[in-house]
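>
Residue numbers (our numbering): 308 to 688.
Laid out in C-alpha cells, this is it:
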C-alpha cells in the first residue's frame, strides 16, 4: 500500500518538480522492464490538490489509465468524491493514449513502467475502476449520480448533494445567463424549486433563455461548473450538447404548483405570446386529469354526456381511459363503452378537437378556482 501512497503523492511533486527524472533507457540502450521506482512526495491528499482544473484532472486520469485498473482503484480509494468525479469525467472521454505520450506522463509522475499497447479510456473503463475501488453497489451510485452526458459525466451533479440554502447562496449575484445554463441540467424538481425563489424579473429572463436554448459547448459547461465548485470550496475538442429548451422549461413548470405556474405564464403572455401558447400546449395535455382531485374530476365528467366522453376516450392510452372510467358509476361506464364500440372509427381531427376543448375547459375551471390542479401529486397506477 505504501507504494500506492507514494504514487499518489508523486503527481504534486511532478507539478512542482525541481530535479530531473532518470531516462527510461539504461546504458545498455534497452528499456528496463516494468517498473519500479516511485518518487517521494507530499502525503496522499496531495495527488490532485493542484489539479482542480480540466487539464490537471486530464493528466491525472491518463496516469491512472497507464498504471492499470487494479492500481488505479487503490489510488481512487484515497481521493475525495469531487476528485473522483473530476478524474472519472476525463477517463470517460479519453479515446487513446499513444506510446510516446504515455512515456512522458509516467516520467512526469516519476513512475517507470513499460507502457505496452495504445490505451483507451471510456465509460466502461470508469465503471471497472470504480467497481474495483468501491464495489459494484457504490460504483453504480457514482455512475447514476454523475451519469453519462454525451460520453462524459453529467454537469452540475454535485449541486444535488448540497443543502438548498447553500445552492441559493451559490446563485446569489449570478446573472440570468449563468443560471439559465445550469437549470436545464438539473433534475426538474430542483430546477423548479430554484426558479420559484428568484424574482419575477429574473424568472422571466431565465425562462426566455431556456426556451430558446439549443446547444451549449461542453467547455462552457465545464468552466461554469468549476467556478461553482470553487465558490463551494471558499464558503480538447469542442463538443456541443443538444437541449430541447422548451421541453425542459415545461418540465420545470410542471413541478410548480398551479398558481406559480399561472403567474409565470401570465408574464410570458405579455412578452412572448407565441412562447406562452406553446407552453400552454405542452403543460396542459390530457395527463392533467391525473392532477385533479377525485371529486372535482367526477363533477367535470357529469357535465359531459356519454357520447362526448366516448369520443374523448378514442386515441388515448389505456392508463388515461381507465382513469376516466374509474370516475363514473358502473352503470354509466357500461353506457359509455357501448357508445365507444358503436362509434367505431372516427376522424382524428374530431378527437383532437374534442380533447382540446376538454383540456381548455379544465384549465378555465382551474383559473376560476372551481377545481384544483395539484401538480406535485404523485400519479398512482
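For each residue, glycine too, the CB sits at the ideal point set by N, CA and C.
What you are looking at is a predicted structure, and each value in this text was computed from that prediction instead of being measured.
Terminal residues of the continuous beta strand (DSSP E) containing residue 523?
Residue mapping note: residue 523 aligns to position 216 of the chain shown, counting from 1. 522-524 is the extent of the beta strand (DSSP E) around residue 523.
> Going by CA-CA distance only, name the one from 603, 517, 624 that's closest to residue 582.
Here residue 582 is taken as the residue at index 275 of the chain shown, counted from 1. Among 603, 517, 624, the Cα nearest to that of residue 582 belongs to 517.
> Taking the alpha-carbon of residue 589 as reference, which of 619, 572, 668 has the nearest alpha-carbon?
Taking the first residue of the chain shown as position 1, residue 589 is located at position 282. Checking every option, the nearest Cα to that of residue 589 belongs to 572.
> On the three-state DSSP scale, how would you describe residue 678?
Reading the chain shown from its first residue, position 371 is the one you call residue 678. Coil, per DSSP.
> How many Å lie between residue 432 and residue 625 at the Cα?
By 1-based counting over the chain shown, the position of residue 432 is 125. By 1-based counting over the chain shown, the position of residue 625 is 318. The C-alpha of residue 625 is placed about 42 Å away from the C-alpha of residue 432.
> How far does the alpha helix (DSSP H) with residue 509 in it reach, from first residue to last?
By 1-based counting over the chain shown, the position of residue 509 is 202. Segment 507-519, the alpha helix (DSSP H) holding residue 509.
> Run through DSSP, which three-state label would residue 493 get?
Taking the chain shown and counting its residues from 1, the one referred to as residue 493 is at position 186. Of the three classes helix, strand and coil, the one that applies to residue 493 here is coil, per DSSP.
> Give me the Cβ distance between residue 490 and residue 498, rounded to the nearest whole Å; I'm assuming they're in contact under 8 Å.
The residue given as residue 490 occupies position 183 in the chain shown. The residue given as residue 498 occupies position 191 in the chain shown. Sure, about 4 Å apart at Cβ, within 8 Å.
> Starting from the C-beta of residue 653, find all residues in its chain whose C-beta is less than 6 Å away, skip the five residues before and the five after it, and write them out in chain order.
Against the chain shown, residue 653 aligns to sequence position 346. The answer, listed in chain order, is 621.
> Pick out whichever of 367, 515, 560 has its Cα sitting closest to the Cα of residue 501.
To locate residue 501, count along the chain shown from 1; it is residue 194. Of 367, 515, 560, the residue nearest in Cα terms is 560.
> Does the contact criterion of 3 or more C-beta pairs under 8 Å hold for the region 403-417 versus the region 383-393?
no
> If you count every other CB in all the chains shown that lies within 10 Å of the CB of residue 555, and 16 or more means buried, which is it?
For the purposes of this step, residue 555 is identified with residue 248 of the chain shown, where counting begins at 1. Answer is buried; the Cβ neighbour count reaches 16.
> Is residue 598 near residue 677, with beta carbons less than 8 Å apart?
Residue mapping note: residue 598 aligns to position 291 of the chain shown, counting from 1. Residue mapping note: residue 677 aligns to position 370 of the chain shown, counting from 1. For residue 598 and residue 677, no; Cβs fall outside 8 Å.
> Any idea which residues DSSP pairs residue 599 with across the strands?
By one-based count along the chain shown, residue 599 stands at place 292. In DSSP, residue 599 forms a bridge with 680.
> Rounded C-beta distance between residue 643 and residue 666? I'm assuming under 8 Å.
For the purposes of this step, residue 643 is taken as residue 336 along the chain shown, with counting starting at 1. For the purposes of this step, residue 666 is taken as residue 359 along the chain shown, with counting starting at 1. Contact flag wrong, Cβ pair sits at about 19 Å.
> Out of 610, 508, 636, 608, which one is the CA nearest neighbour of residue 577?
To locate residue 577, count along the chain shown from 1; it is residue 270. With distances taken between Cα atoms, residue 577 lies closest to 508.
> State the DSSP-derived secondary structure class of residue 404, mapped to helix, strand or coil.
Taking the chain shown and counting its residues from 1, one reaches residue 404 at position 97. Correct three-state label for residue 404: strand.
> Beta-carbon separation of residue 591 and residue 670 under 8 Å?
Taking the first residue of the chain shown as 1, we reach residue 591 at position 284. Taking the first residue of the chain shown as 1, we reach residue 670 at position 363. With contacts defined as CB atoms closer than 8 Å, residue 591 and residue 670 qualify as a contacting pair.
> Should residue 435 and residue 376 be called a contact, given that it needs their Cβ atoms to be closer than 8 Å?
Here residue 435 refers to the residue found at position 128 when the chain shown is read from its first residue. Here residue 376 refers to the residue found at position 69 when the chain shown is read from its first residue. Contact: yes.
> Quick one: what does DSSP say residue 423 is sitting in, helix, strand or coil?
By 1-based counting over the chain shown, the position of residue 423 is 116. Annotation note: pLDDT 47 at residue 423 (below 50); position unreliable, no value reported.
> Taking buried to mean at least 16 other C-beta atoms within 10 Å of its own C-beta, is residue 510 buried or exposed?
Here residue 510 refers to the residue found at position 203 when the chain shown is read from its first residue. When all chains shown are included, residue 510 counts as buried.
> Using DSSP with H/G/I as helix, E/B as strand and the rest coil, what is residue 653?
Translated into positions along the chain shown, residue 653 becomes position 346. For residue 653, the secondary structure class from DSSP, reduced to helix, strand or coil, is coil.
> Going straight from the alpha carbon of residue 333 to that of residue 407, what length do you get?
Here residue 333 refers to the residue found at position 26 of the chain shown. Here residue 407 refers to the residue found at position 100 of the chain shown. At residue 333, the pLDDT of 36 sits below 50, so the modelled position is not reliable; the number obtained from the coordinates is stated separately. About 17 Å.
> For residue 623, which of helix, strand or coil comes out of DSSP?
For the purposes of this step, residue 623 is identified with residue 316 of the chain shown, where counting begins at 1. Coil, per DSSP.
> Give me, in chain order, the residues of the same chain whose beta-carbon lies closer than 7 Å to that of residue 689; leave out the 5 immediate sequence neighbours on both sides.
This structure gives no information on residue 689, because the portion of the chain shown stretches from 308 to 688.
> Are there 16 or more other CB atoms within 10 angstroms of the CB of residue 525, so buried, or fewer, so exposed?
What you label residue 525 is simply residue 218 of the chain shown in a count that begins at 1. That one is buried.
> Roughly how many angstroms separate the alpha carbons of residue 530 and residue 596, rounded to a whole number?
Taking the first residue of the chain shown as 1, we reach residue 530 at position 223. Taking the first residue of the chain shown as 1, we reach residue 596 at position 289. The alpha-carbon atoms of residue 530 and residue 596 are separated by roughly 42 Å.
> Using three-state DSSP, classify residue 481 as helix, strand or coil.
Mapped onto the chain shown, residue 481 falls at position 174. In this structure, residue 481 counts as coil in the three-state DSSP scheme.
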